[in-house]
Amino acid sequence: MDRLDLELYAERLARLVTCAADDLADARLRLAWAELEDELAPGLARDDADRLRGIGALAHAEAGETARRAVAERAADLAALHRLQALVEGRRGRTQAGVTATRRPPSSS
């Protein structure tokens with residue numbers, strides 16, 4: 527793989543890392559909301575809770591567990607992407623060192 531292809535791959539990987547980080551942040555927010563709703567729901571009348579669930583203002587009871595699984599999955603995705611990114615950065619460093627080594631002018635001795 528030439529240097530340009532490696533740079534393009536690294537850029538693509540960086541975009542994937544950004545998307546995965548955004549997905550993780552979103553999953554964490556959904557979990558926080560689900561936990562809040564779990565705390566507040568017992569204070570609602572059953573009719574109100576059903577109505578709020580019907581219009582999407584209150585999540586269903588299983589939303590918290592779904593959100594917990596999503597957080598764990600997104601965190602694992604992001605960790606795997608970071609491991610791949612570290613390998614790619616290592617390759618980029620070696621490639622850059624090789625380019626630098628071949629561009630040094632010959633010594634004058």
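Quick note, the working numbering runs 526 ahead of the 1-based positions in the sequence shown.
For each residue, glycine too, the CB sits at the ideal point set by N, CA and C.
Computed from a prediction, not measured in an experiment: that's the story for all the values here.
Option in Asp548, Asp603, Gly590 and Leu604 with minimal Cα separation from Ala567
Gly590
Residue burial classification, Glu563 (beta-carbon count within 10 angstroms, cutoff 16)
buried
Identity of the residue in Asp549, Gly624 and Met527 nearest Asp603 by Cα
Asp549
From Glu537 to Gln611, what distance separates their C-alpha atoms?
10 Å
Considering just the uninterrupted stretch of the alpha helix (DSSP H) at Asp576, what are its terminal residues?
Arg572 to Gly580
So, at 8 Å on beta carbons, what are the nonlocal neighbours of Leu578 in its own chain, with the 5 sequence-adjacent residues on each side left out?
Leu570 and Leu584
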